[in-house]
Amino acid sequence: MPETSIAEAKAHLTHFIHRAEQGEMVRITRRGKPVAVLLSEDAYARLSKGQETSDFGTLVAEMRADPTFQPIDWTPEEIDAWRDRRPRREFTWPE
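Numbering (this note's numbering), first residue to last: -19 to 75.
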């Protein structure tokens, strides 16, 4: 994500808005520290919509309906490889 200072963003606001409209996000900094991000209205709506939706099934359906969605084809062996193989600690129920 490109970065720009507040002064540069102010001086070239139209340029950065055009970039945001094309789907690019621009990080705005003050004295080198990030303080804001400029993004398109569509990107903002997608982010906001995700916060409003609490139903997991609805989120999955929306994700699958997104034309940019590409499912990851992991094998069971690949998923199993993520498991923590360290020995488990001993446990007994208190009496």
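Virtual Cβ for every residue (Gly too), placed ideally from N, Cα, C.
So, using beta-carbon positions, are residue i and residue j closer together than 8 Å?
| i | j | result |
| --- | --- | --- |
| S28 | A0 | no |
| M5 | A23 | yes |
| I8 | T38 | no |
Could you tell me the boundaries of the alpha helix (DSSP H) in which residue i lies?
| i | result |
| --- | --- |
| D60 | 56 to 60 |
With DSSP collapsed to three states, give me the class of residue i.
| i | result |
| --- | --- |
| T72 | coil |
Tell me whether residue i counts as near the ligand NAD, meaning its Cβ is closer than 7 Å to at least one heavy atom of that ligand.
| i | result |
| --- | --- |
| K29 | Although the ligand NAD was asked about, the structure shown includes no ligands whatsoever. |
At which residue ranges does the region -14 to 52 contain complete beta strand (DSSP E) runs of 3 or more residues, listed in the order of the chain?
-> 6 to 10, 13 to 18
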